[in-house]
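Report on the structure given below.
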Amino acid sequence: MSVSTQQRSPQRRPAPPAVRSGRVEGRAGRPPGRFAPRRPLGRRTTAALAGLGLVGAVAVWAVLTYGKLVEPFFLPTPSATASTWWRLVAHEGYLGDIWASVRRVLGGFTLAAALAVPLGLAMGSIRAVQALVEPLLAAIRYMPATAFIPLLIIWLGLGETEKLAVIFIGAFFPLTLMVAEVTGNVRRDYLQIAATLGASSWQQHRLVVLPAAAPGILANLRIAMGWAWTYLIIAELVAADTGIGYRIVAASRFLQTDVILAGVITIGVLGLLTDACFRLLAWALFRHRQDTR
Amino acid sequence: MSAIELSGVSLRYRARHGDVLALDDVALQLPSGSFTCIVGASGCGKSTLLRAMAGLEEPTEGAIRVGGELVRGPSRDRGMVFQTSTLYPWLRVRENVAFGPRLGGLPRREREAQAIALLDELGIGDFADAYPGELSGGMQQRVAIARALATHPGVLLMDEPFGALDALTRRSAQSFLLEAWSRHPRTIAFVTHDIEEAVLLADRVVVMTPRPGRVQALVPVELPRPRTHATRDEPAFRQLVRELLAMVLKEASADGLVASS
Chain A
2 MSVSTQQRSP QRRPAPPAVR SGRVEGRAGR PPGRFAPRRP LGRRTTAALA
52 GLGLVGAVAV WAVLTYGKLV EPFFLPTPSA TASTWWRLVA HEGYLGDIWA
102 SVRRVLGGFT LAAALAVPLG LAMGSIRAVQ ALVEPLLAAI RYMPATAFIP
152 LLIIWLGLGE TEKLAVIFIG AFFPLTLMVA EVTGNVRRDY LQIAATLGAS
202 SWQQHRLVVL PAAAPGILAN LRIAMGWAWT YLIIAELVAA DTGIGYRIVA
252 ASRFLQTDVI LAGVITIGVL GLLTDACFRL LAWALFRHRQ DTR
Chain B
236 MSAIELSGVS LRYRARHGDV LALDDVALQL PSGSFTCIVG ASGCGKSTLL
286 RAMAGLEEPT EGAIRVGGEL VRGPSRDRGM VFQTSTLYPW LRVRENVAFG
336 PRLGGLPRRE REAQAIALLD ELGIGDFADA YPGELSGGMQ QRVAIARALA
386 THPGVLLMDE PFGALDALTR RSAQSFLLEA WSRHPRTIAF VTHDIEEAVL
436 LADRVVVMTP RPGRVQALVP VELPRPRTHA TRDEPAFRQL VRELLAMVLK
486 EASADGLVAS S
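Just so you know, the sequences run in chain order A and B.
Here the numbering used here is used: the first residue of the first sequence is 2, the next is one more, and so on.
Here the numbering used here is used: the first residue of the second sequence is 236, the next is one more, and so on.
As structure tokens, this is what we get:
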């Protein structure tokens with residue numbers, strides 16, 4: 002290869018290529034651009050932009066519907082959706098459906114978390130448990146929880162147990178692996194220091210691994226809560242006689258797009274509320290901490 | 236206080252390109268109550284040696300005895316301080332210092348009172364209620380030293396504890412350590428790559444050479460105590476630093492790590 006290169010090299014040196022350095026700033030340096038990566042943003046601007054995003058989305062919706070750009074049958078107006086929501090709550094027992102859904106989400110999520118957190122902790126810090134369980138969980142994780150629904154209906158019927166099982170399967174397996182990951186990343190020198198201070202294995206688990214992993218575990222629980230809502234609605238769409246998902250399916254049979262939209266927005270707001278609870282909890286528990294890594 | 240004895244200590248670990256001999260037949264005696272600094276170019280096994288004394292690494296051959304007892308694993312009799320802060324960020328300073336006594340089952344009131352007394356004695360009592368994240372790097376390392384002292388270990392093992400501090404903070408941390416050591420005499424093994432630091436602190440300096448990790452020389456430091464930063468200006472101090480530096484650099488350049496002049 003080197004030989005052919007030498008042969009091909011011309012006798013005369015070619016003229017040096019024109020300097021291509023793009024826009025050249027002077028010696029004063031380049032001030033950070035408006036959209037420079039991670040450039041800080043003032044509090045007011047942040048709040049204004051956040052508001053603009055929300056208002057903008059509703060505005061687009063309003064223009065499309067009030068402006069008669071979209072048939073009201075396909076997309077009802079904001080005011081129509083709001084009044085439908087109010088009608089559902091005031092006259093059609095919607096709060097009962099909301100409560101049914103919330104109960105299922107909390108039940109399924111609590112069940113999944115109650116088993117996933119201890120198992121994940123054990124997997125992340127005890128190699129034997131990891132070797133035993135990880136390949137199995139990793140395989141099951143890729144089996145879609147939704148595909149289990151027919152099987153669960155056959156096994157458990159159409160009652161509450163089946164709904165809880167769908168949420169459990171959807172949340173438990175990935176949550177366990179994520180808790181294991183967080184636990185496995187607890188700094189080794191934290192454990193070594195504990196050992197030089199006389200900590201037994203159990204003390205290392207209880208007094209070092211658990212508190213060190215706690216913020217990461219809470220962050221993963223927050224994500225898992227989002228999955229729980231998704232799987233709840235799927236379970237209710239497939240087979241239920243109460244719940245927000247059930248109301249959405251029932252409405253679709255009668256082409257009541259306003260009821261569907263009201264349901265979707267209700268779920269969104271409930272998700273936002275649970276998320277806020279998790280953030281509040283994280284703030285209350287870990288606001289003092291500044292983990293160094 | 237306990238003496239540390241190493242005899243025929245070798246430590247071999249498997250790396251991707253064959254075995255690495257991190258320690259090769261190391262024999263050392265650290266007398267009870269002495270302050271020994273271990274210096275050498277990076278990769279000379281000085282940290283591995285310290286971790287073996289702590290019981291965090293197991294020698295492939297040879298024996299380490301502390302106070303006559305064979306080291307089999309970490310023990311509360313051998314306190315450790317690392318280069319990076321290992322204070323638990325979820326505990327206040329006093330709770331961090333009380334962590335060792337807590338493991339021993341001492342009730343909260345007692346162990347925290349002890350911790351606060353120790354912090355006061357060391358002159359850092361003002362920070363007892365702070366969280367580690369609120370402290371400067373130098374203060375974090377002082378608290379880490381206090382935490383290691385709180386279980387009254389016979390031995391204190393320090394792995395470049397001031398290595399991440401800036402030069403000015405490092406000086407005050409060194410004074411802090413000398414002061415703490417005079418109040419709480421311990422057998423100290425202290426790993427550093429800063430030769431001035433080693434001469435300022437130590438009774439004896441162990442010079443190690445890399446690949447394989449061996450003890451090249453054991454140099455006594457006969458400067459009178461108490462030592463202060465004024466000691467650095469004394470001709471005897473400068474002379475010793477020069478000699479040790481030549482020793483370490485010679486080994487490093489022979490190894491191709493530093494261009495020889």
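Even glycine gets a Cβ: it sits at the ideal position worked out from N, Cα and C.
Distance CB(residue i)-CB(residue j) smaller than 8 Å
{"i": "valine 274 of chain B", "j": "threonine 427 of chain B", "result": "yes"}
{"i": "valine 390 of chain B", "j": "asparagine 331 of chain B", "result": "no"}
{"i": "isoleucine 268 of chain A", "j": "isoleucine 235 of chain A", "result": "no"}
{"i": "aspartate 259 of chain B", "j": "proline 447 of chain B", "result": "yes"}
{"i": "glycine 217 of chain A", "j": "isoleucine 245 of chain A", "result": "no"}
{"i": "methionine 131 of chain A", "j": "alanine 91 of chain A", "result": "The displayed chain sequence assigns glutamine, not methionine, to residue 131 of chain A. No; because the gap between Cβ atoms is not below 8 Å, this pair is not in contact."}
{"i": "valine 167 of chain A", "j": "isoleucine 150 of chain A", "result": "yes"}
{"i": "glycine 308 of chain B", "j": "alanine 238 of chain B", "result": "no"}
{"i": "leucine 165 of chain A", "j": "leucine 138 of chain A", "result": "no"}
{"i": "leucine 262 of chain A", "j": "phenylalanine 173 of chain A", "result": "no"}
{"i": "valine 134 of chain A", "j": "leucine 120 of chain A", "result": "yes"}
{"i": "alanine 195 of chain A", "j": "glutamine 205 of chain A", "result": "yes"}
{"i": "leucine 403 of chain B", "j": "leucine 436 of chain B", "result": "no"}
Test: residue i CB closer than 8 Å to a CB of chain E
{"i": "arginine 467 of chain B", "result": "Of the chains in the structure shown, none is chain E; the protein chains are A and B."}
Inter-residue Cα distance where the pair is residue i and residue j
{"i": "serine 495 of chain B", "j": "arginine 313 of chain B", "result": "The pLDDT assigned to serine 495 of chain B is 42, lower than 50, so where the model puts this residue is not dependable; a value taken from the coordinates is nonetheless given after this. Looking at the two C-alpha atoms, the distance is approximately 39 Å."}
{"i": "arginine 344 of chain B", "j": "leucine 322 of chain B", "result": "20 Å"}
{"i": "glycine 335 of chain B", "j": "threonine 197 of chain A", "result": "9 Å"}
{"i": "valine 103 of chain A", "j": "glycine 125 of chain A", "result": "31 Å"}
{"i": "serine 245 of chain B", "j": "valine 450 of chain B", "result": "12 Å"}
{"i": "arginine 189 of chain A", "j": "arginine 286 of chain B", "result": "13 Å"}
{"i": "glycine 109 of chain A", "j": "glycine 97 of chain A", "result": "18 Å"}
{"i": "leucine 479 of chain B", "j": "arginine 405 of chain B", "result": "20 Å"}
{"i": "valine 260 of chain A", "j": "serine 253 of chain A", "result": "8 Å"}
{"i": "valine 493 of chain B", "j": "glycine 372 of chain B", "result": "Residue confidence is low: valine 493 of chain B scores 49 on pLDDT, short of 50, so the model does not pin down where it sits. Its coordinate-derived value is still stated next. Straight-line Cα distance between these residues: approximately 30 Å."}
{"i": "threonine 66 of chain A", "j": "tyrosine 247 of chain A", "result": "26 Å"}
{"i": "serine 417 of chain B", "j": "phenylalanine 472 of chain B", "result": "21 Å"}
{"i": "glycine 280 of chain B", "j": "alanine 37 of chain A", "result": "44 Å"}
{"i": "serine 201 of chain A", "j": "tyrosine 232 of chain A", "result": "41 Å"}
{"i": "leucine 453 of chain B", "j": "isoleucine 351 of chain B", "result": "38 Å"}
{"i": "alanine 381 of chain B", "j": "glutamine 474 of chain B", "result": "33 Å"}
{"i": "alanine 114 of chain A", "j": "leucine 384 of chain B", "result": "40 Å"}
{"i": "alanine 146 of chain A", "j": "methionine 288 of chain B", "result": "51 Å"}
{"i": "threonine 243 of chain A", "j": "asparagine 221 of chain A", "result": "29 Å"}
{"i": "alanine 123 of chain A", "j": "glutamine 318 of chain B", "result": "29 Å"}
Sheet register partners of residue i (DSSP bridge)
{"i": "aspartate 394 of chain B", "result": "B:Val426"}
{"i": "valine 274 of chain B", "result": "B:Val442"}
{"i": "proline 455 of chain B", "result": "B:Arg439"}
{"i": "alanine 250 of chain B", "result": "B:Gly253"}
{"i": "glutamine 264 of chain B", "result": "B:Glu240"}
{"i": "glutamate 296 of chain B", "result": "B:Ser245"}
Cβ neighbour criterion (16 or more within 10 Å) applied to residue i
{"i": "serine 310 of chain B", "result": "buried"}
{"i": "glutamate 93 of chain A", "result": "exposed"}
{"i": "aspartate 394 of chain B", "result": "buried"}
{"i": "asparagine 328 of chain A", "result": "Residue coverage of chain A in this structure runs from 2 to 294, which leaves residue 328 of chain A outside it and unanswerable."}
{"i": "glycine 77 of chain A", "result": "Here the sequence assigns proline to residue 77 of chain A, which means glycine is not the residue at that position. That one is buried."}
{"i": "tryptophan 100 of chain A", "result": "exposed"}
{"i": "phenylalanine 362 of chain B", "result": "buried"}
{"i": "arginine 329 of chain B", "result": "buried"}
{"i": "serine 320 of chain B", "result": "buried"}
{"i": "phenylalanine 75 of chain A", "result": "exposed"}
{"i": "threonine 212 of chain B", "result": "An answer regarding residue 212 of chain B cannot be provided, because it is not within the stretch 236 to 496 covered by chain B."}
{"i": "arginine 477 of chain B", "result": "exposed"}
{"i": "threonine 184 of chain A", "result": "buried"}
Beta carbon proximity, residue i to chain B, threshold 8 Å
{"i": "aspartate 98 of chain A", "result": "no"}
{"i": "isoleucine 194 of chain A", "result": "yes"}
{"i": "histidine 289 of chain A", "result": "yes"}
{"i": "threonine 293 of chain A", "result": "Because the pLDDT at threonine 293 of chain A is just 48, under 50, the model does not fix this residue reliably, and the value given afterwards should be weighed accordingly. Closer than 8 Å to some Cβ of chain B, the Cβ of threonine 293 of chain A qualifies, so yes."}
{"i": "alanine 200 of chain A", "result": "yes"}
{"i": "threonine 184 of chain A", "result": "no"}
{"i": "glutamine 131 of chain A", "result": "no"}
heavy atom of the ligand MN below 7 Å from residue i C-beta
{"i": "glycine 97 of chain A", "result": "The ligand content of the structure shown is nil, which means the ligand MN is not present either."}
Chain A contact for residue i (CB, 8 Å cutoff)
{"i": "tyrosine 248 of chain B", "result": "no"}
{"i": "proline 396 of chain B", "result": "no"}
{"i": "proline 324 of chain B", "result": "yes"}
{"i": "arginine 446 of chain B", "result": "no"}
{"i": "arginine 346 of chain B", "result": "no"}
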